[in-house]
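Peer 1:
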Amino acid sequence: MNGAQFVSTHAATATHELTPLERQSVLHTLKSPRLMKTEVLAGLVVALALIPEAIAFSVIAGVDPRLGLFASFTMAVTIAFVGGRPAMISAATGAVALVIAPLVKSHGLDYFIAAVILAGALQIILALLGVARLMRFIPRSVMVGFVNGLAILIFMSQLGELGIDTHDWTLFGVPWMVYPLALLALAIVLFLPKLTTVVPAPLVAIVTLTLIVVFVGIDVPNVNSKGELPDSLPSLFFPDVPLNLETLQIIFPFSLSMALVGLLESLMTAKLVDDITDTHSNKTRESWGQGVANIVTGFFGGMGGCAMIGQTMINTKVSGARTRISTFLAGLFLLILVVAFGDIVGIIPMAALVGIMVFVAYATFDWHSISYNSLKTMPKSETTVMVVTVILTVATHNLAIGVIGGVILAMVLFARRVAHFVTVDRRIEEHFGEQIVKYEVDGELFFASSNDLYYQFQYAEDPNHVVIDMYNSHLWDASTIAALDSIQEKYAKYGKTVEIEGLNQASQQMQERLAGKLGGGH
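Under numbering that gives the first Met the number 0, the sequence shown has 240 at position 241, and the numbering climbs by one with no breaks.
(1) Using CA coordinates, which residue listed in His-106, Gly-216, Phe-154 is at the minimum distance from Glu-245?
(2) With DSSP as the reference, please indicate the residues paired to Asn-450 in a beta bridge.
(3) If Thr-92 and Met-257 are in contact, beta carbons under 8 angstroms, what's the gap, nearest whole angstrom?
(4) Among Arg-33, Ile-123, Val-143, Ile-346, which residue has its Cα nearest to the Cα of Ser-368?
(5) Any contact of the stretch 110-122 with the stretch 290-300, i.e. 3+ C-beta pairs under 8 angstroms?
(6) In the DSSP assignment, find the unbroken alpha helix (DSSP H) run with His-27 in it and report its ends.
(7) Count the other CB atoms within 10 Å of the CB of Pro-252; is the residue buried (16 or more) or exposed (fewer)?
(8) Starting from Tyr-361, follow the alpha helix (DSSP H) in both directions and report where the run begins and ends.
(9) Taking the beta strand (DSSP E) that Asn-372 belongs to, which residues open and close that run?
(10) Compute the Euclidean distance between the alpha carbons of Gly-524 and Thr-77, then round it to the nearest angstrom.
(11) Exposed or buried, which one is Ile-407 when buried takes at least 16 other CB atoms within 10 Å?
(12) Compare the beta carbon distance of Val-212 and Pro-348 with 7 angstroms and say whether it is the shorter of the two.
(13) Can you find the residues in the same chain that come closer than 8 angstroms, C-beta to C-beta, to Val-386, ignoring five residues on each side of it along the sequence?
(14) Figure out for me which residue from Leu-331, Gly-442, Phe-420, Glu-16 has the closest Cα to the Cα of Phe-69.
(15) Kindly indicate the opening and closing residues of the beta strand (DSSP E) around Glu-433.
(16) Taking 7 angstroms as the threshold (C-beta atoms), are Ala-96 and Ala-60 in contact?
(17) In terms of residue numbering, what span does the beta strand (DSSP E) encompassing Asp-468 cover?
(18) Which residue wins for smallest C-alpha separation from Asp-461, given the options Glu-428, Met-469, Ser-449?
(19) Which same chain residues end up closer than 6 angstroms to Ser-380 when comparing Cβ atoms and leaving out the 5 residues on each side of it in sequence?
(20) Got a sec, what are the start and stop residues for the alpha helix (DSSP H) His-529 sits in?
(21) Would you mind giving the Cβ-Cβ distance between Val-338 and Leu-232, rounded to the nearest angstrom? I have them listed as a contact below 8 angstroms.
(22) To which residues does DSSP link Asn-221 through a beta bridge?
(23) May I ask you to verify whether the stretch 264-279 touches the stretch 75-89, counting CB pairs closer than 8 angstroms and requiring at least 3?
(24) Please name the residue in Gly-515, Glu-500, Gly-67 whose C-alpha comes closest to that of His-473.
(25) Just to check my reading of the structure: Gly-261 and Gln-122 have Cβ atoms closer than 8 angstroms, yes? What is that Cβ distance to the nearest angstrom?
(26) What does DSSP give as the partner residue(s) for Asp-63 in the beta ladder?
(27) Do you know offhand how far Thr-283's Cα is from Gly-301's?
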């Protein structure tokens with residue numbers, strides 16, 4: 000190789016852009032100071048944003064703020080190793096806090112922690128049973144509704160810091176300086192990336208506003224106003240509960256709810272990050288990874304949690320992180336900040352974090368989904384599903400309810416639409432001097448479409464020999480077999496014979512197995 004070739008090859012290598020898959024490699028990142036800086040700073044920003052959130056969620060759950068902070072540390076660090084979606088942030092969350100909060104009031108902290116540990120075990124079991132594969136049944140319209148509903152909830156969660164009570168939409172007093180400071184933070188996050196991306200804009204906003212508040216002497220709510228920060232490391236905690244059936248009866252409903260809500264929110268977040276990073280995540284690994292993280296969190300006295308969409312958006316979309324390093328450092332920095340630098344962290348104005356989270360809400364919302372062109376071209380059923388998912392999510396403050404409601408509505412609308420695709424053509428034919436009637440059925444037959452099939456035949460007027468041609472159809476469920484049984488029984492009452500032909504192999508096997516065994520017809 001001559002000198003010119005060497006220089007050319009070296010330059011090509013130096014300027015080589017990593018693929019999305021290579022970019023989320025820990026090894027590639029450790030070899031690149033530039034990428035490593037992105038991961039470190041992203042982890043620091045997420046840690047700073049996690050602190051007030053974790054304290055707030057602890058208040059919702061009715062437990063000491065340390066339980067939320069320790070949970071955020073253990074969840075993030077554990078999931079960084081066992082999770083299936085690099086760069087996703089897991090920590091204490093509001094959804095989990097809402098589900099499990101009643102148990103604290105009724106039975107105390109030990110039962111609460113026992114329920115967290117059991118929820119982790121249930122998540123591992125659900126992962127092994129293949130719950131992650133259910134993600135394929137969530138339509139795009141539900142995903143868009145989930146994202147938009149989430150963005151609205153993130154925005155609404157910040158209104159309290161601006162003096163707006165979202166329960167009854169009344170105003171309460173906050174220092175007027177909160178508003179210009181929050182606007183300044185929002186402006187920094189919005190416009191700084193247009194000038195430079197050397198340092199994450201959220202970190203600049205936090206440092207800038209903290210310096211302004213300290214040196215000017217502005218009295219506004221800060222992180223300390225949210226609750227007391229811990230001054231020691233988390234230690235092992237074994238819940239003092241009887242290991243018997245009565246304890247299981249008490250905690251199991253809460254644990255199952257927590258497991259399902261946590262998995263749903265985590266898997267939906269993983270799917271969202273997949274789209275942002277153009278990479279694929281291991282949903283099964285993420286499912287049991289969440290379980291492992293909750294078990295570890297429980298044994299360290301944490302309140303449990305799941306993937307945090309707001310913080311994940313800060314990490315991936317705003318700060319540009321792509322690897323497990325940022326997730327691990329977010330948890331590590333969180334612990335260091337609250338234990339070693341609690342006095343400094345405590346003076347960070349909440350207005351800085353409000354500005355950042357408002358931007359996260361703006362960046363998360365799928366604005367294309369409500370554009371005129373999109374609404375004009377999108378099928379009305381798809382738009383309806385998206386809107387209903389948003390409404391349920393915002394009304395209940397529960398992403399799981401929104402998603403489940405959206406999926407059910409999408410299924411109903413799909414079944415209703417497909418049911419109308421079945422056609423039945425009737426014609427009279429002569430076979431060896433005998434007149435017969437032939438019905439050709441075209442379409443997919445299942446519970447929604449087969450119910451109408453019974454009424455497509457002219458039982459009294461037809462000749463004695465009836466042929467039903469199913470060559471262009473497929474039988475999907477027992478409802479269809481029952482409908483065919485009813486058709487044959489109806490013709491039998493008129494003394495007429497029915498011959499069913501053209502069934503494919505799967506349909507034939509189902510009919511042979513179920514025909515005549517499903518009870519009464521119409």
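Backbone N, C-alpha and C define an ideal beta-carbon position, used for all residues, glycine too.
Just so we're clear, the structure is a prediction, and the values are computed from it rather than from any experiment.
Peer 2: Let me lay it out:
(1) What you label residue 245 is simply residue 246 of the sequence shown in a count that begins at 1. Comparing Cα-Cα distances from Glu-245 to each of His-106, Gly-216, Phe-154, the minimum goes to His-106.
(2) Indexing the sequence shown from 1 puts residue 450 at position 451. For Asn-450, which the question treats as bridged, DSSP gives no partner whatsoever.
(3) Reading the sequence shown from its first residue, position 93 is the one you call residue 92. Reading the sequence shown from its first residue, position 258 is the one you call residue 257. Contact doesn't hold; Cβ gap of about 10 angstroms is too wide.
(4) As a working mapping, residue 368 is identified with position 369 in the sequence shown. Answer by Cα proximity: Val-143.
(5) yes
(6) Here residue 27 refers to the residue found at position 28 of the sequence shown. Taken as a continuous stretch (DSSP letters only), the alpha helix (DSSP H) holding His-27 covers 25-29.
(7) Your numbering for residue 252 matches position 253 in the sequence shown. Exposed: under 16 other Cβ atoms inside 10 Å.
(8) The residue labelled residue 361 in the question sits at position 362 within the sequence shown. 349-363 is the span of the alpha helix (DSSP H), which, as asked, contains Tyr-361.
(9) For the purposes of this step, residue 372 is taken as the residue at position 373 of the sequence shown. Where Asn-372 is concerned, there is no enclosing beta strand (DSSP E), although the alpha helix (DSSP H) it sits in stretches over 371-376.
(10) As displayed, the chain neither begins before 0 nor continues past 521, which places residue 524 out of reach and without an answer.
(11) The residue given as residue 407 occupies position 408 in the sequence shown. When all chains shown are included, Ile-407 counts as exposed.
(12) Along the sequence shown, one-based indexing puts residue 212 at 213. Along the sequence shown, one-based indexing puts residue 348 at 349. It is a contact, given that the beta carbons lie within the stated cut-off.
(13) By one-based count along the sequence shown, residue 386 stands at place 387. The residues are Gly-144.
(14) One-based indexing of the sequence shown puts residue 69 at position 70. With distances taken between Cα atoms, Phe-69 lies closest to Leu-331.
(15) Here residue 433 is taken as the residue at index 434 of the sequence shown, counted from 1. Note, Glu-433: beta strand (DSSP E), 433-444.
(16) Counted from its first residue, the sequence shown places residue 60 at position 61. Counted from its first residue, the sequence shown places residue 96 at position 97. Going by C-beta atoms, Ala-60 is nearer than 7 angstroms to Ala-96.
(17) The count along the sequence shown starts at 1 and reaches residue 468 at position 469. Per DSSP, Asp-468 belongs to the beta strand (DSSP E) from 464-474.
(18) Within the sequence shown, numbered from 1, the residue matching residue 461 stands at position 462. When only C-alpha atoms are compared, the closest one is Glu-428.
(19) Looking up residue 380 in the sequence shown gives position 381. So the list reads Leu-412, once near-sequence residues are dropped.
(20) The chain is shown from 0 up to 521; residue 529 falls before or after that span and cannot be answered.
(21) As a first step, residue 338 must be located in the sequence shown, where it is residue number 339. As a first step, residue 232 must be located in the sequence shown, where it is residue number 233. Val-338 to Leu-232, Cβ: 6 angstroms. Contact.
(22) Against the sequence shown, residue 221 aligns to sequence position 222. According to DSSP, Asn-221 bridges with Pro-348.
(23) yes
(24) For the purposes of this step, residue 473 is identified with residue 474 of the sequence shown, where counting begins at 1. Of the listed residues, the one whose Cα sits closest to His-473 is Glu-500.
(25) Numbered from its first residue, the sequence shown carries residue 261 at position 262. Numbered from its first residue, the sequence shown carries residue 122 at position 123. The Cβ separation is near 7 angstroms, so the contact holds.
(26) Residue 63 sits at position 64 when you count from the first residue of the sequence shown. Asp-63 is not bridged to any residue.
(27) As a working note, residue 283 is residue 284 in the sequence shown. As a working note, residue 301 is residue 302 in the sequence shown. Distance between the alpha carbons of Thr-283 and Gly-301: 24 angstroms.
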